[in-house]
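**Student:** Protein chains in written order, with our numbering: chain C, 7 to 422; chain U, 6 to 267.
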């Protein structure tokens, strides 16, 4: 079977003028005649350079990547809305693209009238739409609204109708651009069900999304796009892992940069929203290490995590307490402890030093977590408190729920 | 070049049902929500005619027999022409998500504007006939020329709109220039005055204007009840086909960039 989509040597660049909508107008010429705006030739932004991509038939491919990495442009090139500067696009089969739902809907017209126009735009003829009409309306759950003008629809209803028409075109290849995020939960599930049915029918799906769990659950293959280059293509789990680590690395870099900037300003006291304290003792660095001593951001379920807090003493204090806390995405505290609670008495601190805490066999459920680190006096007086100073992710093959996996075991006694 | 033109026509033909439904929608949308609704198709030209009749018949007292009827004959095709040009030039830049997010031949958009206005013109013809009839003017056999004239006029308009719509994507000034230019063009075209009123040597120059050639043809068959000047028709037809060819070529040549520029 030939691949559904073959892209060969695709290059695409945009003139910066088109991107910035920076037209040369008489006014701009008049106001600063020597501005560089007049010469847009040298300001081209390359989106793709010699991109090769093959999508086998019957595969659902999840395309992930940061904003502006070229995901939507890729879809538009596949659809044919954008023409590549060079290279060839080969598509085997009928394409329906869900880049814009309800394209060409006219607010003054009823849902019924708009279904017919929208369907025609997507390439159906009148008879085909009539045949599918009931199915479309039922799927969109708009039976009682189909004869009211679309302008009276809520945005969810609008999207539902648009999606419903688009998927009922019966394409061989479905291109979806971040549309499942809209609509309520039950409809999102319905969309996914519909797409699963598509998949079962052997159709090809290309899904552009930031919703990584959906990619992992739904797609056979994932593709990570970074500044127009295919970073990794393959098994969704591995691609997503690699992507998450990269995101964590970037976040890390950004945080470090911010720290460097604030250090340059000579801020001795930490009064920002995420850091406070009088600065007598300063936490200079917090690192997350694995059992080999490598700094990591993504840990597997059940791994040991070593927290390393580097400190610097500016003014010695007796009775110093170090503490940490772990929060999940909902700001629920999963675990928190400190040296005092663990009944440790620290010896007098040197000027600089490190203190480590080994978390053994961490069975937090899969997700992203935030770490707070603090050093304070016994009376609660804060020297340095850093809220959400590090984030890390836990990956797991098990999809159980809650916060922490309590070590457990099932047993049964089935004999009477 | 010819393969591009063939492509242009084929795509338009393939999407004819979309053109159909969009034209119908365009006409419905125009008057939806208004109290008089579709009656405006007839009322609009009549009111415009009323204004001109007041100025030229009563205030300026132009002495031409059945002057209102004469004006009406030329005014209706001009309205078709000028509204198509204005709306058609806009059609790509105002196409929004239809241009940037969906794949379908974008020549559908200007074609819809032109055809909707043509339909408007055709629908106002009964009013024109009634008006002329009331004045005692009964157009006869020369009316058989009407389909030919309309088709040639359609080619002319379509060619011009395709060019303007393409250029307008890159220079948005076109739509503003056009609006002003159309006023000038209107007065240079013998619509409010017959050609015989133009003193020499200007009467020779008037016919350089293709809209004058076609306007005279409309007047011939409706008002003077005679066959139009075949030479003029031939000239206009040739020019229209040329314009249409250039328009289609230009449009096809640049349409792939529309999605990025709009």
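Cβ atoms here follow ideal geometry from the backbone N, Cα and C, with glycine treated the same way.
Verify the CB distance criterion: does residue 109 of chain C have a CB-CB separation below 9 Å to chain U?
**Tutor:** Residue 109 of chain C counts as touching chain U.
**Student:** Which chain U residues sit within Cβ distance under 9 Å of residue 215 of chain C?
**Tutor:** Ordered by position in chain U, no residue passes the 9 Å Cβ test against residue 215 of chain C, which lies about 17 Å from the chain.
**Student:** Name the chain C residues whose beta carbon is nearer than 9 Å to that of residue 264 of chain U?
**Tutor:** Those within 9 Å of residue 264 of chain U in chain C are 82, 87, 88, 89.
**Student:** Using a beta-carbon distance below 9 Å, is residue 154 of chain C in contact with chain B?
**Tutor:** Included in the structure are the protein chains C and U, with no chain B among them.
**Student:** Residue 184 of chain U lies in the alpha helix (DSSP H); which residues open and close that run?
**Tutor:** Residues 178 to 193.
**Student:** Kindly indicate which residue of C/386, C/354, C/343 has the alpha-carbon position closest to the one of residue 365 of chain C.
**Tutor:** If we check each option's Cα against that of residue 365 of chain C, C/343 comes out closest.
**Student:** Name, going along the chain, the residues of the segment 112 to 127 of chain C whose beta-carbon falls closer than 8 Å to a beta-carbon of chain U.
**Tutor:** The residues in question are 112, 114, 115, 119, 122, 123, 126, 127.
**Student:** Just curious, the beta strand (DSSP E) that residue 60 of chain C is in, first and last residue?
**Tutor:** First-last of the beta strand (DSSP E) with residue 60 of chain C: 50 to 61.
**Student:** DSSP state of residue 237 of chain U, grouped into three classes?
**Tutor:** Residue 237 of chain U falls in the helix class under three-state DSSP.
**Student:** Pull out every residue of the segment 252 to 263 of chain U whose Cβ sits closer than 9 Å to any Cβ of chain C, in chain order.
**Tutor:** For the segment 252 to 263 of chain U, which is checked against every Cβ of chain C, the residues closer than 9 Å are 261, 262.
**Student:** Quick one: what's residue 399 of chain C bridged to in DSSP?
**Tutor:** Note: residue 399 of chain C sits in a beta bridge opposite C/304, C/374.
**Student:** Over what stretch of residues does the alpha helix (DSSP H) that includes residue 165 of chain C continue unbroken?
**Tutor:** Counting along the chain, the alpha helix (DSSP H) containing residue 165 of chain C begins and ends at 161 to 173.
**Student:** Is residue 107 of chain U close to chain C? Criterion is C-beta to C-beta, closer than 9 Å.
**Tutor:** Yes, its Cβ sits closer than 9 Å to a Cβ of chain C.
**Student:** Inspect the beta-carbon positions of residue 113 of chain U and residue 23 of chain U and report whether they are closer than 9 Å.
**Tutor:** Contact flag set, yes.
**Student:** Using a cut-off of 8 Å between C-beta atoms, extract the partners of residue 20 of chain C located in chain U.
**Tutor:** Going along chain U in sequence order, the residues near residue 20 of chain C (Cβ under 8 Å) are 265.
**Student:** Residues of chain U with CB under 7 Å from residue 106 of chain C, in chain order?
**Tutor:** Ordered by position in chain U, the residues that pass the 7 Å Cβ test against residue 106 of chain C are 102, 106, 107.
**Student:** Determine the chain C residues that contact residue 38 of chain U at a beta-carbon separation under 8 Å, and present them in chain order.
**Tutor:** Correct list: 114.
**Student:** Out of U/27, U/28, U/84, state which residue places its alpha-carbon closest to the alpha-carbon of residue 50 of chain U.
**Tutor:** Of U/27, U/28, U/84, the residue nearest in Cα terms is U/84.
**Student:** What residue range does the beta strand (DSSP E) around residue 313 of chain C cover?
**Tutor:** Unbroken beta strand (DSSP E) run through residue 313 of chain C: 311 to 319.
**Student:** Can you tell me which of the three DSSP states residue 229 of chain U falls into?
**Tutor:** Of the three classes helix, strand and coil, the one that applies to residue 229 of chain U here is coil, per DSSP.
**Student:** Measure the CB-CB distance between residue 132 of chain U and residue 47 of chain U and report whether it falls below 9 Å.
**Tutor:** Taking 9 Å as the Cβ cut-off, residue 132 of chain U and residue 47 of chain U qualify as a contacting pair.
**Student:** Of the residues that make up the segment 86 to 101 of chain U, which ones have a beta carbon closer than 7 Å to any beta carbon in chain C?
**Tutor:** Listed by position, the residues of the segment 86 to 101 of chain U near chain C (Cβ gap below 7 Å) amount to none.
**Student:** Any beta-carbon of chain C closer than 9 Å to the one on residue 22 of chain U?
**Tutor:** Chain C, which has a Cβ nearer than 9 Å to the Cβ of residue 22 of chain U, makes this yes.
**Student:** In chain U, what lies closer than 7 Å to residue 132 of chain C by C-beta?
**Tutor:** Near residue 132 of chain C (Cβ distances below 7 Å), the residues of chain U are 22.
**Student:** Put residue 19 of chain C into one of helix, strand or coil per three-state DSSP.
**Tutor:** Strand at residue 19 of chain C.
**Student:** By how many angstroms is the C-alpha of residue 87 of chain C removed from the C-alpha of residue 148 of chain U?
**Tutor:** Spanning the two alpha carbons is a distance of roughly 45 Å.
**Student:** Give a yes or no on whether 9 Å exceeds the smallest Cβ distance from residue 26 of chain U to chain C.
**Tutor:** True, the Cβ-Cβ gap to chain C drops below 9 Å.
**Student:** Please identify the residue among U/88, U/205, U/159 whose C-alpha is closest to the C-alpha of residue 252 of chain U.
**Tutor:** Checking every option, the nearest Cα to that of residue 252 of chain U belongs to U/159.
**Student:** Determine the direct distance from the alpha carbon of residue 231 of chain C to that of residue 276 of chain C, and round the result to whole angstroms.
**Tutor:** In this prediction, residue 276 of chain C has a pLDDT of 44, which is less than 50 and means its spatial position is unreliable; what the coordinates show is noted afterwards. Looking at the two C-alpha atoms, the distance is approximately 38 Å.
**Student:** Return helix, strand or coil for residue 381 of chain C, following the three-state DSSP convention.
**Tutor:** Residue 381 of chain C falls in the strand class under three-state DSSP.
**Student:** Could you give the residue range of the beta strand (DSSP E) that holds residue 418 of chain C?
**Tutor:** Segment: none, residue 418 of chain C is in no beta strand (DSSP E) and carries neither H nor E.
**Student:** Quick one: which residues of the segment 32 to 66 of chain U get their C-beta closer than 9 Å to a C-beta of chain C? List them in chain order.
**Tutor:** Residues passing the 9 Å Cβ filter: 33, 34, 37, 38.
**Student:** Would you call residue 264 of chain U buried or exposed, if buried means 16 or more other Cβ atoms sit within 10 Å of its Cβ?
**Tutor:** It counts as buried.
**Student:** Does the Cβ of residue 125 of chain U have 16 or more other Cβ atoms within 10 Å, making it buried, or fewer, making it exposed?
**Tutor:** So residue 125 of chain U counts as buried.
**Student:** When DSSP labels each residue in this structure, what does residue 272 of chain C get in the three-state scheme?
**Tutor:** A caution first: residue 272 of chain C carries a pLDDT of 49, below 50, which makes its placement in the model unreliable, though a value can still be read off. Reduced to three states, the DSSP call for residue 272 of chain C is coil.
**Student:** Is it buried or exposed for residue 84 of chain C, if we count other Cβ within 10 angstroms and need 16 for buried?
**Tutor:** Per the 10 Å Cβ criterion, buried.
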